[in-house]
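Encoded as structure tokens, the structure appears first; notes follow it.
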Amino acid sequence: MKANMASQTAVVVAAGTVITSREPRFQNLVTESARRFAQDFVRAARPGSMLPALIEQRWFRNVMSLVQSVTIPGLFRHHILRKAFIERQARLSLQEGIRSFVVVGAGFDSLALRLAPEFPGVQFVELDHPATQRVKRRALGSFPENLRFESVDLGSELPTPEVATPALTIVEGVLMYIPLETVEKILRHIGQSQGALIFTFMERLTVGRIGFYNQTWLADLWLKRKSEPFKWDASQTEIEAILVEAGFTRIEFWNSEKYHAAFGHGDGLARGETICIART
Ligand SMILES: C[S@@+](CC[C@H](N)C(=O)[O-])C[C@H]1O[C@@H](n2cnc3c(N)ncnc32)[C@H](O)[C@@H]1O
Numbered sequence: 124m125k126a127n128m129a130s131q132t133a134v135v136v137a138a139g140t141v142i143t144s145r146e147p148r149f150q151n152l153v154t155e156s157a158r159r160f161a162q163d164f165v166r167a168a169r170p171g172s173m174l175p176a177l178i179e180q181r182w183f184r185n186v187m188s189l190v191q192s193v194t195i196p197g198l199f200r201h202h203i204l205r206k207a208f209i210e211r212q213a214r215l216s217l218q219e220g221i222r223s224f225v226v227v228g229a230g231f232d233s234l235a236l237r238l239a240p241e242f243p244g245v246q247f248v249e250l251d252h253p254a255t256q257r258v259k260r261r262a263l264g265s266f267p268e269n270l271r272f273e274s275v276d277l278g279s280e281l282p283t284p285e286v287a288t289p290a291l292t293i294v295e296g297v298l299m300y301i302p303l304e305t306v307e308k309i310l311r312h313i314g315q316s317q318g319a320l321i322f323t324f325m326e327r328l329t330v331g332r333i334g335f336y337n338q339t340w341l342a343d344l345w346l347k348r349k350s351e352p353f354k355w356d357a358s359q360t361e362i363e364a365i366l367v368e369a370g371f372t373r374i375e376f377w378n379s380e381k382y383h384a385a386f387g388h389g390d391g392l393a394r395g396e397t398i399c400i401a402r403t
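Using my numbering, read the sequence shown as starting at 124 and increasing by one per residue.
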């Protein structure tokens, strides 16, 4: 990503959250508070622009549908289902008694912000690139006492928050932007402490073609221009080998079809981003 600019893909996820929250079939998957956070983050990321107002308009929603159809069809809906599934898993971990909740590359996601007041005995930490995190903190003003922010450039540093264990670490929609050899180091590092890890990766369908299965060259071009191209993909077998070597056990994979279907959704969604859940 560009050194001095908030992640543009994070802005897309937040804007898409607001847009999709207006669709009747997705309304129940985006809480009012998640929608409001997403609106605030888009406003902070695009001060003085028309975008925050446009994403509230029905006609703009149709334009965005068209834009998705020529780049990554069904991307915004996919994000909502990915987030709903990860929130469900995160809540299970909290009920099982984790002591820390770490979100790496949190972007403009509001999960930690919404869960922290509900679980005051758990320490929440958000790590992100300083350029993205600066915008988020500017939008927030205040935040829960049991949540702290730490900046990290994953290109050159490992995420090393001091937290009590067992911890849950979430790395959602992030690792595909980091070189694989660095990702392996990050996974080995997380694997050294007790807890669970939830992360997503682009699952390989065709050799030499990295991305969502229905992604077009226009999306490749946009990502490249924003300096946020997908850098790698992998099969489940390859990821499992890396995780076992890193010290993880009980590894499960949820491909996009499976977690879309868990919420009763199927056709027309972006496919190819698999969720992995692993424990040490
Ligand atoms: C597509 S956004 C995903 C944000 C959030 N996890 C979500 O799912 O809504 C990608 C995130 O990765 C972070 N990121 C990308 N490269 C990074 C790097 N080198 N160091 C730290 N964070 C990075 C960006 O700042 C951004 O927050």
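Positions of the beta carbon are idealized from the N, C-alpha and C atoms, including for glycine.
In this structure the stretch 229 to 242 does not touch the stretch 301 to 318; the number of beta carbon pairs closer than 8 Å is below three.
With a 10 Å radius around the Cβ and a threshold of 16 neighbouring Cβ atoms, K206 comes out buried. Spanning the alpha carbons of L291 and I195 requires a straight line of approximately 30 Å. Classified as buried, P175 has 16 or more neighbouring CB atoms from the shown chains inside 10 Å of its CB. Closer than 7 Å to some heavy atom of ligand 1: that describes the Cβ of L277. Assignment of M325 by DSSP, reduced to helix, strand and coil, places it in the strand class. In this structure, A369 has its beta carbon at no less than 7 Å from each heavy atom of ligand 1. Short note on T283: C-beta not closer than 7 Å to any heavy atom of ligand 1. Residue pairing by DSSP places T292 opposite V225 and L320 in a beta bridge.
The secondary-structure analysis by DSSP pairs S274 across a beta bridge with D251. Burial check for Q317: the Cβ neighbour count within 10 Å stays below 16, so the residue is exposed. In this structure, M128 has its beta carbon at no less than 7 Å from each heavy atom of ligand 1. Secondary structure at R145: coil, using DSSP grouped into helix, strand and coil. Taken atom to atom, the span from the alpha-carbon of G391 to that of G197 is near 6 Å. Annotation for R402: the continuous beta strand (DSSP E) segment containing it runs E396 to R402.
The Cβ atoms of V141 and A126 lie no closer than 8 Å to each other. For F376, DSSP records a beta bridge to C399.
The shortest CA-to-CA distance from L204 to any of L346, T397 and L250 is the one to T397. In this structure, the alpha-carbon of I333 lies about 11 Å from that of A342.
Short of 6 Å from the beta carbon of P302, and not among the five residues preceding or following it, lie these beta carbons of its own chain, in chain order: K354.
With the rule of 3 Cβ pairs closer than 8 Å, the stretch 155 to 170 counts as touching the stretch 131 to 141. Between the alpha carbons of T255 and K349 lies a distance of about 14 Å. Annotated three-state conformation of A138 is helix, per DSSP. For I365, the uninterrupted alpha helix (DSSP H) run begins and ends at Q359 to E368, by DSSP.
Between the alpha carbons of D232 and A157 lies a distance of about 8 Å. Here the stretch 145 to 153 makes no contact with the stretch 213 to 225; the two share fewer than three CB pairs at distances below 8 Å. Ligand 1 approaches V136 closely enough that one of its heavy atoms is under 7 Å from the residue's Cβ.
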